[in-house]
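In our numbering, the protein residues as written are 1296 to 1593. Ideal Cβ placement from N, Cα and C applies to all residues, glycine included. These notes concern the structure reproduced below.
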């Protein structure tokens, strides 16, 4: 069965007149008759009885009529729905982002996306870096924003920019007036760290191991905002990605450059390699790639 045949059948069933039905579906009389014959052939029997004066539905035609109506409605709804998805008049996309990105870069990116595609719903998963990768791998989301994975495997990574790490100290501390700090200076103060597993903490510990230094972890938190409040309260010092500078300073912290060894790590978009993205996810990735990172102030 084709949509053309079904619409031809419904037009004839409604008018019981081939001439009137041909006008309804914009087909010539021969083309309409052919469509009905092809439909009857595919179903295995006559749907109409025809005479020189009268057209009527057969019992089987009456049985088929409500089915044909439902099929046409479903097909037209499906066509409209998919057209809306492909033209981004509706749709849904999931994105996972690590907290340092979701609290800084992501809101601006979503504003730009919403302006372009106001009818597409975005579900944000605010999770740690490792869980961003897991959710992309498991197809829970199509797009991830995180640090560059050490091993890609089935993932594809599109770099956005290189983020450096900075020291965070209380705004009123004796360290706040410095232009930069050394790792040795930080080691003399209680350290506020992100809880494991955290790629930020892992990178810090890797750098310390290279110089045979050790930070005295006094407090731990899962959230960067909590970490910033602890530092601002004078409980210790910390190290965070530079995209968090504005948020840390808004909490009352001071952010300072770190002397060698410097830590930098690429931040970018993670998707599944060799897997087609939906139209909504493709549009979101393109919006993120075009976003001006510098406007965040990080």
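Determine the closest residue to residue 1385 out of 1391, 1411, 1484, 1311, with distance taken between C-alpha atoms. Position 90 of the chain shown, counted from the first residue, corresponds to residue 1385. Comparing Cα positions, the closest option is 1411.
Enumerate, from N- to C-terminal direction, the unbroken alpha helix (DSSP H) stretches of 4 or more residues contained entirely within the stretch 1380-1406. 1394-1397
Determine the closest residue to residue 1440 out of 1456, 1491, 1448, with distance taken between C-alpha atoms. Taking the first residue of the chain shown as position 1, residue 1440 is located at position 145. The shortest C-alpha separation from residue 1440 is found at 1456.
Measuring only the C-alpha atoms, how far is residue 1389 from residue 1421? Start at 1 with the first residue of the chain shown, and residue 1389 comes out as number 94. Start at 1 with the first residue of the chain shown, and residue 1421 comes out as number 126. C-alpha separation (whole angstroms): 11 Å.
Would you mind working out which of 1585, 1575, 1448 sits nearest residue 1418, comparing C-alpha positions? Residue 1418 sits at position 123 when you count from the first residue of the chain shown. Checking every option, the nearest Cα to that of residue 1418 belongs to 1575.
Pop quiz: residue 1489 and residue 1522 are said to be a contact at Cβ under 8 Å. What is the actual Cβ separation, rounded to whole angstroms? As a first step, residue 1489 must be located in the chain shown, where it is residue number 194. As a first step, residue 1522 must be located in the chain shown, where it is residue number 227. Right, their Cβ atoms sit about 6 Å apart.
Within a Cβ cutoff of 6 Å, which residues of the same chain sit near residue 1558, ignoring the five residues on either side of it in sequence? Stepping through the chain shown from its first residue, residue 1558 is reached at position 263. So the list reads 1460, 1498, 1502, once near-sequence residues are dropped.
Candidates 1565, 1304, 1569: closest to residue 1442 by CA position: One-based indexing of the chain shown puts residue 1442 at position 147. Selected option, being the one with the closest Cα: 1565.
Beta-carbon contacts of residue 1548 that lie in its chain and below 7 Å, excluding the five residues immediately before and after: As a working note, residue 1548 is residue 253 in the chain shown. Contacts found: 1463, 1464, 1465, 1466, 1523, 1526, 1527.
For the ligand ADP, I want to know if residue 1544 counts as a neighbour, meaning its beta carbon is within less than 6 Å of at least one of the ligand's heavy atoms. Absent from the structure shown: the ligand ADP. Ligands present: none.
I need the DSSP call for residue 1523, collapsed to helix, strand or coil. Walking along the chain shown from the start, residue 1523 turns up at place 228. It is helical.
DSSP three-state label for residue 1571, please. As a first step, residue 1571 is located in the chain shown; it is residue number 276 there, counting from the start. In the structure shown, residue 1571 sits in coil (DSSP, three-state: anything other than H, G, I, E or B).
Tell me residue 1464's beta-bridge partners as DSSP assigns them. To locate residue 1464, count along the chain shown from 1; it is residue 169. According to DSSP, residue 1464 bridges with 1549.
Determine, using beta carbons only, whether residue 1551 and residue 1475 come nearer to each other than 7 Å. Numbered from 1 along the chain shown, position 256 holds the residue referred to as residue 1551. Numbered from 1 along the chain shown, position 180 holds the residue referred to as residue 1475. Yes. Within cutoff.
So what does residue 1441 bridge to, in DSSP terms? Walking along the chain shown from the start, residue 1441 turns up at place 146. 1563.
Residue 1496 lies in the alpha helix (DSSP H); which residues open and close that run? The residue you call residue 1496 lines up with position 201 of the chain shown. Run containing residue 1496: 1494-1505, per the alpha helix (DSSP H) assignment.
For residue 1538 versus residue 1399, is the C-beta distance shorter than 7 Å? The sequence position of residue 1538 within the chain shown is 243, counting from 1. The sequence position of residue 1399 within the chain shown is 104, counting from 1. Contact: yes.
May I have a chain-ordered list of the alpha helix (DSSP H) segments no shorter than 4 residues that lie completely inside the stretch 1346-1385? 1354-1381
Looking only at its own chain, which residues have a Cβ that is under 8 Å from the Cβ of residue 1428, when we skip the five neighbours before and after it? Your numbering for residue 1428 matches position 133 in the chain shown. Excluding positions up to five away in sequence, the list reads 1439, 1441, 1444, 1450, 1565.
Label residue 1302 either buried or exposed according to how many other C-beta atoms from any shown protein chain fall within 10 Å of its C-beta, with 16 as the threshold for buried. The count along the chain shown starts at 1 and reaches residue 1302 at position 7. Buried is the call here.
Taking DSSP as the reference, what is the three-state secondary structure of residue 1341? Sequence index remark: in the chain shown, residue 1341 carries index 46 (1-based). Residue 1341: coil per DSSP, three-state reduction.
Which word fits residue 1542, buried or exposed, when buried means at least 16 other C-beta atoms lie within 10 angstroms of its C-beta? As a working mapping, residue 1542 is identified with position 247 in the chain shown. With 16 or more Cβ atoms within 10 Å of its Cβ, residue 1542 is classed as buried.
Can you tell which of 1365, 1533, 1341, 1364 has its C-alpha closest to the C-alpha of residue 1356? For the purposes of this step, residue 1356 is taken as residue 61 along the chain shown, with counting starting at 1. Cα-wise, what sits closest to residue 1356 is 1341.
By DSSP, does residue 1588 sit in helix, in strand, or in coil? As a first step, residue 1588 is located in the chain shown; it is residue number 293 there, counting from the start. It is helical.
Just list the residues that DSSP pairs residue 1532 with in beta bridges. As a working note, residue 1532 is residue 237 in the chain shown. DSSP lists 1486 as partners of residue 1532.
Can you give me the start and stop residues for the beta strand (DSSP E) that residue 1515 sits inside? Mapped onto the chain shown, residue 1515 falls at position 220. Residues 1512-1516.
Residue interval of the beta strand (DSSP E) (run including residue 1421): Residue numbering aside, residue 1421 sits at position 126 when the chain shown is read from its first letter. 1416-1421 is the span of the beta strand (DSSP E), which, as asked, contains residue 1421.
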